[in-house]
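According to this note's numbering, the sequence shown is numbered sequentially starting from 2. By construction, the Cβ of each residue, glycine as well, lies at the ideal position given by its N, Cα and C atoms. Note that the coordinates shown come from a computational prediction; the quantities given were computed from them, not determined experimentally. Remarks on the structure that follows.
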Amino acid sequence: MKIKKNDTVRVVSGNNRGMEGKVLKVLPGTGRIIVEKVNLIKRHTRQTSQSDKGGIIEKEAPVSISNVVLVCPKCGKTTKTGIAKLADGRKVRRCKKCNETLSDET
Ligand SMILES: [Zn+2]
Numbered sequence: 002m003k004i005k006k007n008d009t010v011r012v013v014s015g016n017n018r019g020m021e022g023k024v025l026k027v028l029p030g031t032g033r034i035i036v037e038k039v040n041l042i043k044r045h046t047r048q049t050s051q052s053d054k055g056g057i058i059e060k061e062a063p064v065s066i067s068n069v070v071l072v073c074p075k076c077g078k079t080t081k082t083g084i085a086k087l088a089d090g091r092k093v094r095r096c097k098k099c100n101e102t103l104s105d106e107t
């Protein structure tokens, strides 16, 4: 999986094209992710008590991982990641544009 939680991604196709946000959740096995403030859907909530009036809340719907690209936190560009192996054997993701190490692969 190239995209991980807390990554910043940009949507490159579909209705939300051009939007950027932080990955809140990766949905395992589905190829989908939840991105903060992207692909918001309105959801009606029912009145459950006197104090809770119900109403409409906005909630992120999953987007396909194939519709987003990673935005490098170091250089700020949309990028692809490569895998680099450190001297101690750890694998890390590396930005292919600026060569900065992003985070652990595992
Ligand atoms: Zn970079």
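**Study point:** Backbone secondary structure at Ile66 - three-state DSSP
**Key:** Under the three-state reduction of DSSP, Ile66 is assigned to helix.
**Study point:** Closest by C-alpha distance to Glu61, when choosing among Cys99, Ala88 and Asn40
**Key:** Closest by alpha carbon: Asn40.
Review point. By how many angstroms is the C-alpha of Asp89 removed from the C-alpha of Gly22?
Key: Their Cα atoms are separated by approximately 33 Å.
Check your understanding: Can you pull the DSSP bridge partners for Glu59?
Key -> Looking at the DSSP assignment, Glu59 forms a beta bridge with Lys43.
**Study point:** Cβ shell of Thr46 (< 7 Å), same chain only, five flanking positions each side left out
**Key:** Only Gly55, Gly56 and Ile58 meet the Cβ criterion.
Exercise for review: Confirm the yes/no value for this check: CB of Glu101, any heavy atom of ligand 1, distance under 7 Å.
Suggested key: Yes - ligand 1 has a heavy atom lying nearer than 7 Å to the Cβ of Glu101.
**Study point:** Sequence-distant residues of the same chain with beta carbon closer than 6 Å to Lys78, five excluded per side
**Key:** Excluding sequence neighbours, Lys78 sits near Lys98.
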